[in-house]
Structure formats: C-alpha cells, structure tokens
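Worksheet: the structure to be examined is printed underneath.
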Amino acid sequence: MTRARATAAAVAGALLAVAAWAAFAPVRSPSREEVFEIPQGTWARRMAGDDVEILPARIRLTLGVRDVLVLRNLDDVPQQFGPTLMMPGQSFRLPFEVASTYSFACTAHASGEMTIVVDPQPRSPWQRLRWRTVRLWSAAT
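Residues in the sequence shown are numbered consecutively from 95, following the working numbering.
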C-alpha cells in the first residue's frame, strides 16, 4: 500500500507542477498570426457539388498572443472576405485590437459567413490556466 501511495503522491505532485507552470508562465507565441489558406480548386469543387469546408466557421484568436488573422487565397478565383476582395494569389492580413465577436461575409464558406472570436489576453494565473486548458482540449478534439 505504501508503494501505491508514493506513486499517487508522485503523480499528484507532477500534475500540480504542470498546473502551476500553466498558471504562472507567461503566454507566448512564436508568431501573432493565425494563417488560413483557401486551397486551389476550392471554387471548382464547390461548383461540382462537393460540400467543401476549407475554413472553420468559427476562429478563436487571443489578444497579445495570436491576434492577427491571415487569409491566403490559393484558389483560381477571387474570394470575398468582409469588404475585401482577395484575388488569386493574394493574402489578407487583419489585426484585431479589441476583444469581441466579429462576423464577416466569406465566399469560401458554404454558409457565406465566418465568425471570429477574439478573446482578451489571459493576464491572471487562472485565466492563463484556463486558456492553456482550452487550447489543449481544442487541439485534442
């Protein structure tokens, strides 16, 4: 029974150390850009009747970490995103400075719109812990 308790204590200690790091370590990212590409042939596939969803309907960004949306149009036809017309081969860079939920018209979606959720920068330990947990969970699912 002592060995089981020691193992449980070691596992609990390791989990506590990971949680402490996640709560107190600053949130950083190698780039503040979140890049999405519209692949070549998307429009042709959609016109052929394929149910093509190449971009997520909802994109989450975080101020101060990943707060710049970059869309690259690699398709053969122009794509509309909000008031911007992206010609083939063009990129569109949209930085966000206010945490909010934004809706844009988007021809790359079958529904015709995309939602961008910009979360505030996680400043407190609990916010950083929650932010890292949500990001880990999203990546796993």
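For each residue, glycine too, the CB sits at the ideal point set by N, CA and C. In this text, all values refer to a predicted model and were calculated from it rather than measured experimentally.
Within 10 angstroms of its Cβ, does residue 112 collect 16 or more other Cβ (buried), or is it exposed?
The residue labelled residue 112 in the question sits at position 18 within the sequence shown. It counts as exposed.
Could you round the C-beta distance between residue 153 and residue 210 to whole angstroms and report it? I think they count as a contact, below 8 angstroms.
Numbered from 1 along the sequence shown, position 59 holds the residue referred to as residue 153. Numbered from 1 along the sequence shown, position 116 holds the residue referred to as residue 210. That pair is a contact at about 5 angstroms.
Where residue 199 and residue 205 are concerned, what is the direct C-alpha to C-alpha distance, given to the nearest angstrom?
Here residue 199 is taken as the residue at index 105 of the sequence shown, counted from 1. Here residue 205 is taken as the residue at index 111 of the sequence shown, counted from 1. Taking the straight line from one Cα to the other gives about 9 angstroms.
In the DSSP output, which residue or residues are listed as bridge partners for residue 174?
Residue 174 sits at position 80 when you count from the first residue of the sequence shown. Its beta-bridge partners are 179.
At the level of alpha carbons, what is the spacing between residue 137 and residue 207?
On the sequence shown, residue 137 is found 43 positions in, with the first residue counted as 1. On the sequence shown, residue 207 is found 113 positions in, with the first residue counted as 1. Cα to Cα, residue 137 sits roughly 16 angstroms from residue 207.
Would you kindly check if the distance between the Cβ of residue 127 and the Cβ of residue 159 is under 8 angstroms?
Looking up residue 159 in the sequence shown gives position 65. Looking up residue 127 in the sequence shown gives position 33. The answer is no: Cβ separation not under 8 angstroms.
Helix, strand or coil at residue 133 according to DSSP, with G and I counted as helix
Start at 1 with the first residue of the sequence shown, and residue 133 comes out as number 39. Of the three classes helix, strand and coil, the one that applies to residue 133 here is coil, per DSSP.
What's the C-alpha gap between residue 193 and residue 99?
Translated into the one-based positions of the sequence shown, residue 193 becomes position 99. Translated into the one-based positions of the sequence shown, residue 99 becomes position 5. Residue 193 and residue 99: Cα-Cα distance of roughly 46 angstroms.
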